[in-house]
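>
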Amino acid sequence: MRILTHSSALCAVSALALGLGAVTLAGPVSAQDDSGAASESENQAAPAEDGAEGAGESGPEGGESGGDSPDQADGQSTPADDDQQDTPADDGQQDASAGESPEGLATAPQDLPEIGADWPFWGGDAQATRYSPLDQITPDNVGQLERAFVYHTGDMPSPEAEGRYAPESTPLKVGDDLLMCSAKNILISVDAASGEENWRFNPGVPDEAIPYSASCRGVSLWTDPEAAEGDTCATRVIEATIDAKLIALDAETGEPCEDFGENGTVDLWQDIGERVPGWYAVTAPPTIVRGIVVTGAQVKDGQAEDAPSGVIRGYSARTGELAWAWDLAAPDENRDGPPEGEVYTRGTPNMWTTGVADEELGYAYMPMGNSSVDYYGSNRSEAENEWSTSLVALDVTTGEPAWSFQTVRRDVWDYDLGSQATLVDFPTEDGSVPAIILPSKQGDIYVLNRETGESLFPVGEFEVPSTGEIEPEYLSQTQPTSGYHTLRFDPLTERDMFGFSPIDQLWCRIQFRRSNYDGFYTPPSADRHWIQYPGYNGGSDWGSVAVDTDRGIIVANYNNIPNHNRLIPREEADARNLRAINEEGGGGGGGPEGAGDPQAGSPYAIDVNAGWRSPLTGMPCTQPPYGGIRAIDLETGETLWDEPIGTARRNGPWGIPSHLPLTIGTPNNGGSVVTAGGLVFIGAATDNLFRAIDIETGEVLWTDTLPAGGQANPITYEVDGQQYVLIAPGGHHFMETGVSDAVIAYTLPQD
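For the sequence shown, our numbering assigns the number 96 to the initial residue and increments by one for each residue that follows.
(1) CA-CA distance, residue 252 and residue 528?
(2) Taking buried to mean at least 16 other C-beta atoms within 10 Å of its own C-beta, is residue 447 buried or exposed?
(3) According to DSSP, is residue 600 helix, strand or coil?
(4) Would you check if the distance between the CB atom of residue 378 and the CB atom of residue 807 is smaller than 8 Å?
(5) Leaving aside the five residues before and after residue 382 along the sequence, list all residues of the same chain whose C-beta is less than 6 Å from its C-beta, in chain order.
(6) Which residues does DSSP pair with residue 648 in a beta bridge?
(7) How about the region 393–407 and the region 464–472: do they share at least three Cβ pairs that are nearer than 8 Å?
(8) Identify which residue in 809, 568, 326 has its Cα closest to the Cα of residue 224.
(9) Taking only three categories from DSSP, how would you classify residue 162?
(10) Per DSSP, residue 408 is paired with what?
(11) Measure the alpha-carbon distance for residue 665 versus residue 319 and round it to whole angstroms.
(12) I'd like the ranges of any beta strand (DSSP E) spanning at least 3 consecutive residues and lying wholly in the region 431–511.
(13) State whether the region 713–722 contacts the region 554–562, with contact taken as three or more CB pairs (one from each stretch) at a distance under 8 Å.
(14) Name the two residues that bound the continuous beta strand (DSSP E) containing residue 789.
(15) Quick one: give me the first and last residue of the alpha helix (DSSP H) that residue 295 is part of.
(16) Rounded to whole angstroms, how far is the Cβ of residue 633 from the Cβ of residue 658, which I believe are closer than 8 Å?
(17) I want to see whether chain D comes within less than 8 Å of residue 376, judged by CB atoms only; does it?
(18) Bridge partners for residue 661 per DSSP, in chain order?
(19) Using a threshold of 8 Å, state whether the C-beta atoms of residue 464 and residue 520 are closer than that.
(20) What runs of the beta strand (DSSP E), each 3 residues or longer, lie entirely inside the region 299–355?
(21) In terms of alpha-carbon separation, which member of 346, 696, 647, 793 lies closest to residue 723?
(22) Just to confirm the assignment, what range does the beta strand (DSSP E) spanning residue 549 have?
(23) Whose C-beta lies closer than 7 Å to the C-beta of residue 52 among residues of the same chain, with five residues either side of it excluded?
(24) Just how far apart, CA to CA, sit residue 545 and residue 502?
(25) Rounding to the nearest angstrom, what Cα-Cα distance links residue 230 and residue 771 in this structure?
(26) By how many angstroms is the C-alpha of residue 761 removed from the C-alpha of residue 431?
(27) Pull up the distance between the alpha-carbon of residue 640 and that of residue 435, whole angstroms please.
(28) Answer with buried or exposed for residue 214, where buried requires no fewer than 16 other C-beta atoms within 10 angstroms of its C-beta.
(29) Considering just the uninterrupted stretch of the beta strand (DSSP E) at residue 739, what are its terminal residues?
(30) Go ahead and pull the three-state DSSP assignment for residue 605.
(31) Run through the DSSP bridge pairs and tell me what residue 250 is partnered with.
(32) Roughly how many angstroms lie between the CA atoms of residue 210 and residue 218, to the nearest whole one?
(33) I think residue 586 touches residue 552, with their Cβ atoms under 8 Å apart; what is that distance to the nearest whole Å?
(34) Rank 493, 590, 688, 638 by C-alpha distance to the C-alpha of residue 421 and give the top, closest one.
(35) Whose C-alpha, out of 835, 804, 844, 803, is nearest the C-alpha of residue 816?
(36) Taking all protein chains shown into account, do 16 or more other C-beta atoms lie within 10 angstroms of the C-beta of residue 203, making it buried, or fewer, making it exposed?
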């Protein structure tokens with residue numbers, strides 16, 4: 096295993112190269128836990144034997160995430176009840192459950208489309224591996240790639256929406272067509288070989304509905320097993336929008352499915368409460384399993400404790416009828432929707448990212464965030480403490496949790512689970528185990544039994560350095576860590592401080608000494624700033640990991656940069672006129688998440704300097720690399736190679752591009768695709784380059800300059816025997832990588 100060192104030579108050249116664009120990403124990965132825990136190379140472990148200590152122990156029945164007291168150590172994996180703890184229902188039980196589900200809306204397991212010529216799911220295949228069996232493009236010929244077509248969606252920001260676009264779109268490919276959504280949810284079908292438009296449907300999303308960003312990461316497909324070939328909406332494309340609608344269209348024609356909801360639309364604001372544009376939105380594709388469309392929503396961070404609910408709902412993919420609702424604070428009372436005149440429980444943790452499903456088990460795996468007020472927890476309910484920052488397996492036949500696995504206890508760092516998890520058959524000495532790979536923002540990667548939620552590797556206990564002075568009785572005294580793999584690096588020291596000039600570096604060193612920092616999980620503070628490392632964008636974020644299941648390699652890109660935060664006492668927040676989105680003059684714009692968020696209802700607002708940028712030059716206060724990409728042995732969790740990702744070509748002090756091609760490792764957002772041809776394709780970095788990387792060595796073999804940032808997951812597919820690679824480089828306002836409506840496909844020259 097190789098961990099990159101911060102050499103003086105790299106830092107010296109980087110001082111001329113880095114700056115605004117490189118640090119615009121808000122929160123990255125980083126520090127290895129500093130409890131005296133093993134270094135990363137020592138942190139790889141053999142799978143836990145049955146009954147091994149820490150190997151996914153069940154939590155106390157009905158208890159909180161950390162047990163009856165904040166410092167209770169055990170209990171990451173929590174079965175929903177004793178009957179479900181160890182054995183998932185067999186096929187007969189599944190069918191019985193389906194019959195008992197509300198209105199019988201869940202279907203029997205369906206045969207799912209396979210990846211290859213097509214890319215039928217957001218994560219490539221139903222398991223979300225982002226691995227394609229296509230092998231026409233190889234390390235030997237990838238240098239010959241050329242653009243096959245460039246399609247433009249036409250969705251660019253209006254003057255009112257300037258600085259608020261981050262499309263993050265990943266198309267699907269099925270048959271001859273690409274199916275995609277634009278930043279403001281225009282649904283589009285395009286010929287996959289030529290880029291010619293087949294149809295488009297504009298749902299008319301207004302600018303005022305834009306939450307943090309105008310984003311639509313993708314759409315989902317469902318084929319009705321009871322429909323005859325040629326029936327209208329036999330195969331339908333389903334998206335959820337940033338103005339909180341669920342839309343179903345005929346995949347062939349783009350016409351609304353009139354039997355779905357009201358003329359093809361379901362209103363997700365139903366029973367949420369007061370409609371405040373931008374507060375409640377969906378940016379991720381829904382998860383469809385057994386004919387149930389499962390969706391959560393993004394609740395704009397840091398506004399108020401009295402925020403829209405984090406309820407997760409399941410709808411019939413055929414009719415749009417509500418099958419069930421999982422309101423974690425009132426699961427039984429609100430299973431079929433709240434009583435007349437009431438709403439789903441306000442302010443609960445939400446699920447804003449992309450789920451994954453096991454069609455046979457009937458489970459939808461939902462990565463949860465934390466509560467609506469991210470950085471203060473003493474006002475949270477016991478239900479919020481129990482379910483926040485957890486992976487929850489929901490049985491879609493009933494809407495009830497089968498199990499949960501919590502990665503942060505009493506999260507006050509905004510370490511919500513942002514990555515889509517990946518399903519694999521995990522190799523062990525006793526044969527393969529149906530497993531789920533769960534990345535996290537704090538850098539830990541867990542491997543769980545997807546039937547039970549138990550960890551296949553020991554789960555360590557990290558004793559936090561301090562519970563601080565703000566709410567010491569609330570915070571947990573221990574946190575779980577993965578015995579399989581972590582992307583975190585060593586804790587920061589004053590020597591890690593960085594600057595474009597000696598003055599810049601001196602300023603950062605002074606701020607380091609003035610800040611509260613006790614390493615990993617340093618608690619929030621108000622008397623002075625505290626350093627959060629990793630920051631809130633990773634480790635891993637929504638781009639997720641890719642898994643080459645043939646070679647047995649996980650590919651994980653990550654960020655490695657801290658945030659510099661301070662809680663703002665309410666009196667000071669009021670003096671600064673920090674107001675929630677539902678108050679006059681509140682809501683903010685497209686700036687960094689947490690940069691002056693009011694957290695109304697709590698004693699403190701929050702100020703986050705995402706990426707900890709120096710006000711003197713706009714450069715980060717820590718030295719590079721700020722982001723990397725790593726190959727991990729699937730079976731052992733050992734690092735195979737680790738390389739910085741991103742050059743300094745667009746970055747420099749005061750936002751002036753250096754034009755230097757030096758690889759420094761920039762913040763990055765968006766994931767990769769891996770192929771049987773031995774390549775990793777990824778955009779993600781702030782240098783606006785699209786890359787092909789040799790999966791065996793980590794060497795960059797080919798690049799292309801994009802019109803804006805590649806903050807989107809790429810795909811690969813085949814048409815008439817020709818392999819294509821595609822990315823939609825829409826850019827990202829916060830990462831300062833421009834904005835574009837382009838969708839670009841590449842292929843080898845045809846004879």
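Don't be surprised by glycine CBs; every beta carbon is placed ideally from N, CA and C.
This is what the structure holds:
(1) One C-alpha to the other measures close to 47 Å.
(2) buried
(3) helix
(4) no
(5) Hits under 6 Å: 389, 450, 452, 459.
(6) 643, 728
(7) yes
(8) 809
(9) Unreliable positioning characterises residue 162 in this predicted model, as indicated by a pLDDT of 36, which lies under 50. The coordinate reading is nonetheless provided below. It is coil, neither helix nor strand.
(10) 390, 420
(11) C-alpha of residue 665 to C-alpha of residue 319: approximately 53 Å in a straight line.
(12) Restricting attention to beta strand (DSSP E) runs no shorter than 3 residues, the region 431–511 encloses them at 451–453, 458–462, 485–490, 495–501, ordered along the chain.
(13) The region 713–722 vs the region 554–562: no contact.
(14) 784–789
(15) Element bounds for residue 295: not the alpha helix (DSSP H) but the beta strand (DSSP E), 292–296.
(16) With a beta-carbon spacing of about 11 Å, residue 633 and residue 658 fall beyond the 8 Å limit used to define contacts.
(17) No chain D appears in the structure shown, which is made up of a single protein chain.
(18) 702
(19) For residue 464 and residue 520, no; Cβs fall outside 8 Å.
(20) 315–318, 330–335, 340–345
(21) 793
(22) From DSSP, residue 549 is part of no beta strand (DSSP E); its letter is neither H nor E.
(23) Lying before the first or after the last residue shown, residue 52 is absent from the chain, which here runs from 96 to 846.
(24) 15 Å
(25) 5 Å
(26) 46 Å
(27) 43 Å
(28) With 16 or more Cβ atoms within 10 Å of its Cβ, residue 214 is classed as buried.
(29) 734–739
(30) Looking at residue 605 - three-state DSSP - the assignment turns out to be helix.
(31) DSSP output for residue 250 lists no bridge partner at all.
(32) 10 Å
(33) Not a contact, Cβ separation roughly 23 Å.
(34) For residue 421, the nearest C-alpha among the options comes from 493.
(35) When only C-alpha atoms are compared, the closest one is 844.
(36) exposed
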